[in-house]
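Data first, discussion second: the structure below is written as structure tokens.
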Amino acid sequence: MIPGVSLYEILTISAVVFFIGVYGFLTRKNLISILLSVELILNAVAVNFVAFNVYLYPGDSQGLFFTLFMIAIAAAEVAIAIAIIVDLYRLVKSVDVDETTEMKY
Amino acid sequence: MDFSYTIWIPLIPFLAFFLVGLAGNNKSPKIWGLISTGAIAVSAVLSYMTAWRYLFQVGKVEETYQKIIAFNTTWLTFTDKLHIDMGVLLDPISVMMLVVVSTVSLMVHIYSLGYMKGDPGFYRFFAFLSLFSFSMFGLVLATNLFQMYIFWELVGVSSFLLIGFYYYKDSAVAAAKKAFIVTRFADLGFLIGILIVSYLTGTFDFQTLTDPNGAAMTQGAGVAFLGLSTMTWALILIFMGGAGKSAMFPLHIWLPDAMEGPTPVSALIHAATMVVAGVYLVARLFPLYYTAAPFALEVVAVVGGFTSLFAAIIACTQTDIKRVLAFSTMSQLGYMMLALGVSGYGGHDGLGYMASMFHLFTHAMFKALLFLGAGSIIHAVHSNFMGDMGGLRKYMPITHITFLIACLAISGIPPFSGFFSKDEILAAALHHSTFFFVIEYLVAGLTAFYMFRLYFGIFWGTDRKYEHTPHESPLTMAVPLLILALASMTTGFIPFNDFVTSDGHAFHTHIDWTVAGASIAIAVIGIVAAYFFYKQKNDLPDKAANTFGAFYRWSYDKFYVDEVYMFVTKSILFGIISKSVAWFDRHIVDGFMNLLGRMTAGFSERIKGIQSGRVQQYAFAFVAGVVALVLIFAYLKG
Chain A
816 MIPGVSLYEI LTISAVVFFI GVYGFLTRKN LISILLSVEL ILNAVAVNFV
866 AFNVYLYPGD SQGLFFTLFM IAIAAAEVAI AIAIIVDLYR LVKSVDVDET
916 TEMKY
Chain B
7 MDFSYTIWIP LIPFLAFFLV GLAGNNKSPK IWGLISTGAI AVSAVLSYMT
57 AWRYLFQVGK VEETYQKIIA FNTTWLTFTD KLHIDMGVLL DPISVMMLVV
107 VSTVSLMVHI YSLGYMKGDP GFYRFFAFLS LFSFSMFGLV LATNLFQMYI
157 FWELVGVSSF LLIGFYYYKD SAVAAAKKAF IVTRFADLGF LIGILIVSYL
207 TGTFDFQTLT DPNGAAMTQG AGVAFLGLST MTWALILIFM GGAGKSAMFP
257 LHIWLPDAME GPTPVSALIH AATMVVAGVY LVARLFPLYY TAAPFALEVV
307 AVVGGFTSLF AAIIACTQTD IKRVLAFSTM SQLGYMMLAL GVSGYGGHDG
357 LGYMASMFHL FTHAMFKALL FLGAGSIIHA VHSNFMGDMG GLRKYMPITH
407 ITFLIACLAI SGIPPFSGFF SKDEILAAAL HHSTFFFVIE YLVAGLTAFY
457 MFRLYFGIFW GTDRKYEHTP HESPLTMAVP LLILALASMT TGFIPFNDFV
507 TSDGHAFHTH IDWTVAGASI AIAVIGIVAA YFFYKQKNDL PDKAANTFGA
557 FYRWSYDKFY VDEVYMFVTK SILFGIISKS VAWFDRHIVD GFMNLLGRMT
607 AGFSERIKGI QSGRVQQYAF AFVAGVVALV LIFAYLKG
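Going line by line, the protein sequences match chains A and B. Going by our numbering, the first residue of the first sequence is number 816, and it counts up by one from there. Going by our numbering, the first residue of the second sequence is number 7, and it counts up by one from there.
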């Protein structure tokens, strides 16, 4: 619990970060940037977990542990995503999301 | 006394069928033929033994022949009441049929050893003959309607296989199919009849069904359809099955074509045994017909009478000797049906019943003899047509004499067997109505005429220039001819009224000499007419043909019954009904399905752009959807 900061401020921050992530996901054309945006979304959620745990249920610690798991999984996910992107780059010689429409009908 | 060994009468030929059919080969065909013949010989001995013991030692209790169930086992159980049994029923007509079937079958087996010699399908032929013998024994020994139906179909199959024996001939294949389809069509009626009868009475069992005091006699008596009771309809349908097997008009068209099979087969199946199954069926159910459905019995009489006349007229104009005999068979079967139809029940009233069975017995002997004789002639001349024959009496003395005996027997000249049985039939017909008597009297004359037309045409007439001189057949073929000729001479003296009667009691009968004299007279007229027409070559036959003109041509073309069937099936059934149904299926039913398919394909063509492969579009749609949902819920809550 941070003195002088209430739950609302923290939630505001995480909401802002979340929507920045969404915006980035929808507008960036570079696959690496999209991956960064996804990380932003994930981190916003993680902050939410911690904040709710600390402010509303101070006696418990599920939120904290959940967040730890999320960070670990996000790391693994990044590794896979980077591998996919590298492979995709070999295939289409580009990391532009508009040019990778292999999964079209 | 124990009769359980009778189960082996059908089973031995069945085992022979398996053995010869599976293990047979062409390396030593003779052995396989002898195995089949040996099997039927054993069955024949057992049959004679059974007949002797039944008729003279065991069957009669208090002056009445009892029905004996010699063997019975439940084959299929549906419910407690409805079950199908397999068994052996012994009564006067079944032991009589045992004698007929085993005798003729044995003779035909021996004859075939000579007739089929060198044929590539020699062992196959004997396997089929054994199958047929098994089925026929099973049929005559049936204890219930359903067992009879099963074996009824089995004889149909054997008949099909044997008609199509020369399967490399198109005409034989067509004839086999025709025989099978026509009789199957008739058996449809038989099956429906069986189902109705068993529904009404709750049993398939012959003993229960034909008990004169039983409950079956009064079941289904109410008027049901077109003024006839349910039981009457059921029995007419059963008779339809019998009419199909016994080649009654209008289901007779398969029999003349069935002559495509080897001649011994025609003798065994299409003259002596299988075709009388229809007569046997009606005789089997006779008390039921007589008591519960007199109208159905009247139908039997009318169909039988008409067929006998119809076939006799056609027989006078045919030139293929086997076809003449085929139509003659139809005519004689008509006699038997008519005799059943005009018969009463019990004592002397049952004269027609006795006469029918008597004629069945004598007819089997002399008609088998005629066919085997015809086979012997065909074997020597290599042709079926009367035009290729003449003057054969010098070359084939045994065939000549035996054929003459058979002709005299079928024409009804005493003391040959046909005279006695035919006389009883005529007496029974006269007893019933003058109309039937006149028809049968006429047929008797026609019979004598066409049989002696054959006889004079083949054995007298002008001597042809044969490619190689015809010779008498080998011993294996001549011996059966002689045995059957002996039977044709003597079987008439069997006192059938003591053995085979409608109610099991013996009754007294005597030859009615007015009827007998009249029938001898017309037979002699027929023979004399044939003598003047065909003894020497002259222009009388042509003159007669010209006098009758169109009628002669109709008769020659078998009154166009085949053409009518062709018209009904091909033009009406296939051309009009089937074609329109096919059109409906192809355009309406299939069209609807195609429409559904095409609509789905078109719709998905329109909307497939949604799956663009662009991840951000998907994500945008997803986010927009979430936002929309959130807004909707917020609005609803607030």
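Here a beta-carbon is modelled for each residue, glycine too, at the ideal position from N, C-alpha and C. Owing to the predicted nature of the structure, the values given are computational and were not obtained by experimental measurement.
Inter-residue spacing [alpha-carbon to alpha-carbon] between residue i and residue j
i, j, result
"B/GLY162", "B/GLY30", "23 Å"
"B/GLY127", "B/ILE319", "37 Å"
"B/ALA415", "B/GLY233", "43 Å"
"B/GLY358", "B/SER314", "16 Å"
"B/MET421", "B/TYR341", "Position check: residue 421 of chain B holds Pro in this sequence, whereas Met was assumed. Rounded to the nearest angstrom, the two C-alpha atoms are 20 Å apart."
"B/MET336", "B/ARG604", "60 Å"
"B/ILE99", "B/PHE505", "9 Å"
"B/ASP97", "B/LEU378", "30 Å"
"B/PHE539", "B/ASP545", "8 Å"
"B/PHE191", "B/THR453", "30 Å"
"A/ALA802", "B/GLU611", "Since the first residue shown for chain A is 816 and the last is 920, residue 802 of chain A is missing from the structure and cannot be characterised."
"B/ALA278", "B/VAL107", "8 Å"
"B/GLY393", "B/ALA435", "37 Å"
"B/HIS406", "B/MET572", "39 Å"
"A/PHE834", "A/LYS908", "30 Å"
"B/VAL94", "B/PHE77", "5 Å"
"B/ILE438", "B/LYS564", "According to the sequence shown, residue 438 of chain B is His rather than Ile. Roughly 30 Å between the two C-alpha positions."
"A/VAL831", "A/ASN863", "12 Å"
"B/ALA625", "A/ASP913", "14 Å"
"B/THR468", "B/THR269", "25 Å"
"B/GLY463", "B/THR497", "28 Å"
"B/SER133", "B/ALA484", "The question names Ser, but residue 133 of chain B is Ala in the sequence shown. Rounded to whole angstroms, B/ALA133 to B/ALA484 spans 23 Å at the Cα level."
"B/GLN213", "B/LEU137", "27 Å"
"A/LEU857", "A/LEU851", "10 Å"
"A/TYR920", "A/GLY836", "28 Å"
"A/THR827", "B/MET599", "58 Å"
Sheet register partners of residue i (DSSP bridge)
i, result
"B/MET154", "In the DSSP output, where bridge partners are listed per residue, B/MET154 has none listed."
"B/MET92", "B/THR79"
"B/ILE74", "B/LEU96"
"A/LYS908", "Answer is none; A/LYS908 lacks a bridge partner."
"B/PHE391", "B/ASP326"
"B/LEU4", "Shown here, chain B extends from 7 to 644; a query on residue 4 of chain B therefore has no answer."
Identity of the residue in the options nearest residue i by Cα
i, options, result
"B/CYS413", "B/ALA264, B/PHE502, B/SER334", "B/SER334"
"A/LEU903", "A/ILE835, A/ILE825, A/ASN845, A/ILE817", "A/ASN845"
"B/GLY424", "B/ALA370, B/LEU460, B/MET395", "B/ALA370"
"B/LEU145", "B/GLY233, B/TYR456, B/GLY248", "B/GLY248"
"B/MET343", "B/THR189, B/VAL285, B/LEU112", "B/VAL285"
"B/PHE196", "B/GLU159, B/THR216, B/GLY220", "B/GLU159"
"B/GLN623", "A/LEU841, A/PHE834, A/PRO873", "A/LEU841"
"B/TRP239", "B/THR80, B/THR149, B/ILE404, B/GLU304", "B/GLU304"
"B/MET103", "B/ALA289, B/ALA345, B/GLY381", "B/ALA289"
"B/SER427", "B/TRP260, B/SER525, B/HIS388, B/PRO476", "B/SER525"
"B/LEU487", "B/LYS543, B/LYS175, B/GLU569, B/PHE409", "B/PHE409"
"A/VAL869", "A/ALA894, A/THR882, A/LEU857", "A/THR882"
"B/GLU446", "B/ALA317, B/PHE372, B/GLN225", "B/ALA317"
"B/THR323", "B/SER389, B/ARG592, B/ALA180, B/TYR456", "B/TYR456"
"B/TYR562", "B/ALA47, B/SER586, B/ALA302, B/VAL330", "B/VAL330"
"B/PHE23", "B/TRP38, B/SER34, B/PHE9, B/HIS276", "B/TRP38"
"B/THR236", "B/ALA298, B/PHE372, B/LEU215, B/LEU261", "B/ALA298"
"B/LEU52", "B/VAL101, B/GLY347, B/MET402, B/LYS87", "B/VAL101"
"B/ALA433", "B/PHE9, B/LEU28, B/THR224, B/VAL521", "B/VAL521"
"B/LEU135", "B/THR80, B/PHE166, B/MET154", "B/PHE166"
"B/PRO19", "B/PHE140, B/PHE245, B/ASN32", "B/PHE140"
Which complete alpha helix (DSSP H) runs does the segment 241–299 of chain B hold, if anything under 4 residues is left out? 260–263, 269–273, 283–290, 292–298
Name, going along the chain, the residues of the segment 895–907 of chain A whose beta-carbon falls closer than 8 Å to a beta-carbon of chain B. none
Which ranges would you report for the beta strand (DSSP E) in the segment 457–497 of chain B if only whole runs of at least 3 residues count? none
Pull out every residue of the segment 612–636 of chain B whose Cβ sits closer than 7 Å to any Cβ of chain A, in chain order. LYS614, GLN617, SER618, GLY619, ARG620, VAL621, GLN622, ALA625, PHE626, VAL629
Mind listing, in chain order, the continuous alpha helix (DSSP H) runs of no fewer than 4 residues lying wholly within the segment 533–620 of chain B? 546–554, 556–562, 567–572, 585–590, 596–613
Counting only runs that start and end within the segment 397–465 of chain B, where is the alpha helix (DSSP H) found for 4 or more residues in a row? 403–417, 423–438, 440–465
Could you name each continuous beta strand (DSSP E) segment of 3 residues or more that falls completely within the segment 10–51 of chain B, going from the start of the chain to the end? none
Residues from the segment 832–843 of chain A in contact with chain B, defined by Cβ distance under 9 Å: VAL837, PHE840, LEU841, THR842, ARG843
Residues of the segment 852–878 of chain A with a CB closer than 8 Å to any CB of chain B: list them in chain order, please. none
Entirely enclosed alpha helix (DSSP H) segments - the segment 312–373 of chain B, minimum 4 residues: 327–348
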